[in-house]
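Asks: When you read off a place in the sequence shown, starting at 1, and then add 23, the result is the number in the numbering used here.
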Amino acid sequence: MPTTRNKAILMTFLSPIEMGRYRSIETLWFTIGFLCLGLIGMGADALAEDGGTPVRAELWTHLSSDAKAINVRGMSAHFDDSGDRRVLRLEVPELNVALGEIHSSGRGIAWVGLPPPAEGWDLGSAECVQARVQNAGATPAEVTLWVVGSNGWTAVGDSSVLKPSESTTLRCLLRETFPDGTPKIDPIRIKEIRVMVQRADTAAMVVSDMIATGTVEPWVRPTGRIDVPDMVEGSPAPGRRVRYRLSDDPDAEIYGTLYLPPDWNPNKRYPVIAEFPGNIFFHAKACWSTGRPEQCQMGYGITLGTDAIWVSLPFVDRETGQIAEAGFGSREGDDTAAYTVRVIDDICANWGGDRDNLILCGFSRGAIACGYIGLRNDTIAGLWKGFVACQHYDGSNWRQSRMEDAIERAPRFRGRAIFQVDNSGSADNTGGTANYEQLMAHTDPAVKWTWVSSGLGSHATAMFLDDRPSTQQLRQWFDGLQR
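#1: Below 8 Å on the Cβ atoms is my contact criterion, and I expect valine 411 with methionine 321 to pass it. Report the Cβ-Cβ distance as a whole number of Å.
#2: Would you call the segment 154-169 and the segment 436-443 in contact, with 3 or more CB pairs under 8 Å?
#3: If you draw a straight line from the alpha carbon of serine 183 to that of arginine 155, how long is it in whole angstroms?
#4: So, with DSSP's three-state summary, where would you put tryptophan 52?
#5: Determine the contact status of valine 179 and arginine 217, defining contact as a CB-CB distance below 8 Å.
#6: At which residues does the alpha helix (DSSP H) containing serine 493 begin and terminate?
#7: What is the rounded straight-line gap between the Cα of threonine 484 and the Cα of serine 105?
#8: Could you pull the start and end residues of the beta strand (DSSP E) that asparagine 94 belongs to?
#9: Give every residue of the same chain whose Cβ lies closer than 7 Å to the Cβ of glycine 352, excluding the five residues on either side of it in the sequence, and list them in chain order.
#10: Over what stretch of residues does the beta strand (DSSP E) that includes methionine 219 continue unbroken?
#11: Is leucine 281 near proline 261, with beta carbons less than 8 Å apart?
#12: Can you give me the C-alpha to C-alpha distance between arginine 507 and arginine 422, rounded to a whole angstrom?
#13: Could you say which of Asp209, Cys195, Trp333 and Phe386 lies nearest to arginine 263 if we only look at CA atoms?
#14: Hey, would you say leucine 185 sits closer than 8 Å to threonine 191, going by beta carbons?
#15: Rounding to the nearest angstrom, what Cα-Cα distance links arginine 498 and valine 475 in this structure?
#16: With contact counted as at least three CB pairs below 8 Å, one residue from each stretch, are the segment 132-141 and the segment 86-96 in contact?
#17: Rounded to a whole number of angstroms, what is the C-alpha to C-alpha distance between serine 258 and valine 265?
#18: Helix, strand or coil: which one does DSSP assign to alanine 309?
#19: Determine the direct distance from the alpha carbon of leucine 327 to that of glutamate 240, and round the result to whole angstroms.
#20: Count the other C-beta atoms from every protein chain shown that fall within 10 angstroms of the C-beta of lysine 408, then say buried if there are 16 or more, exposed otherwise.
#21: Would you tell me roughly how many angstroms separate the C-alpha atoms of glutamate 165 and cysteine 384, rounded to the nearest one?
#22: Figure out for me which residue from Asn380, Val152, Ser87 and Gln414 has the closest Cα to the Cα of leucine 406.
#23: DSSP on serine 353, reduced to helix/strand/coil?
#24: Apart from the five residues on each side of it in sequence, which residues of its chain come closer than 7 Å, Cβ to Cβ, to threonine 35?
#25: Please go through the segment 125-159 and give each complete alpha helix (DSSP H) segment of 4 or more residues, from N-terminal end onward.
Following this line, the structure appears as structure tokens:
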């Protein structure tokens, strides 16, 4: 109801004739209020023109209440539209989706991923995506809100450890960058918004008010940045990156990705870059790594998607019939090595791979796998003409990769060159080769080693998708290796 002061204000601005159109000042008051609410609903984004903060529509309005379109792992999720606002209720009865072979609730993980509408989300001028999250369970739990990019872009996130009944607003900054200023995501190319629960035995969360807020200058794509093709279903074809399975493999859930260059011709031979992904690892401020082959992007960045075949490899767990998102796979990596040999044989026999020009590369766990898997025995070691390892290498004392064993594997490398990115051993990756001098000493002296610093300053692979000096040097190295 209007106060006496508000009535006086209205009467000051309205003539007696205008007042006469309404049976009471109360009727007029509610009419004006209704119109104002409508204007606010239609023009919230316009607040930015006067320096305000726009509030856009909720980002999940395109999703039906049955939540069939969302991507759920390790939890149940459903929309509750019974109240005055939509909420997403998450239940994790037991956080037992372990990170690889480590079966500990403290390292478990579960999530729900919300896809964009068909036309995508209009986030090109938005500052952040945010959501309100309440811990409705009986134990503390860590919850992270992610905005995940597509086409080789990574993700931005915000996390909090919530006590029972505690709530918070998580905010993902869409213009967040790596330490060197490289953008983490393209806000116009968003694959999903993900809510993730970690480090708890059980959990229950209520998510609400998922919106984009704030206004910044329209997104401008960085010069020289390339997009990596997303994996699609279907048969291999020039210029496409498809889910790739060995036709005779007993485990249908084990797959890689295969990319044929745009000029692919069945009568020609092409160099092959085989790539292992990093370990599954999610930390809002440190790393986004799914542990799956479709996240690989080094090979595409090295070749710019031309004149070479690129295959992204899985780590293989035959005990579960699944991709090993963490660790080296079953039998301490022997099954991954055997699978890799079969993939290379298939690509060379059926897709034009040049057996004399095979390169193995990887990031983090994948970099370690260059030696740990790629030199596991004489059969697989004899395949490779060169290695590209980014941020780690065999002998890093991670999982089963120990320096003493890496030294035994090192002499098996019979290729020409090894290219190391951000592996110098110094804090800023500009120093010498201290971490791996023992491996160099046990590798054929004819092998040429190259050490570069990308300057990215983070545990990621974005450096391979632009034209920075280290990446230009790598591309020249790859071209020279084909001669």
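The C-beta atom is built at its ideal place from N, Cα and C for all residues, glycine as well.
Replies: According to the structure data:
#1: 7 Å
#2: no
#3: 11 Å
#4: Because the pLDDT of tryptophan 52 is 44, which lies under 50, any placement of that residue in the model is unreliable, and the number read from its coordinates should be weighed accordingly. Tryptophan 52 falls in the helix class under three-state DSSP.
#5: no
#6: 492-504
#7: 44 Å
#8: 94-96
#9: Phe338, Val339, Asp340, Asp358 and Thr359
#10: 213-221
#11: no
#12: The structure shown does not extend to residue 507, since the chain is modelled only from 24 to 506, so the question has no answer here.
#13: Trp333
#14: yes
#15: 13 Å
#16: yes
#17: 7 Å
#18: coil
#19: 29 Å
#20: buried
#21: 33 Å
#22: Asn380
#23: helix
#24: Its pLDDT being 37, under 50, threonine 35 is placed unreliably by the model, and nothing is read from it.
#25: none
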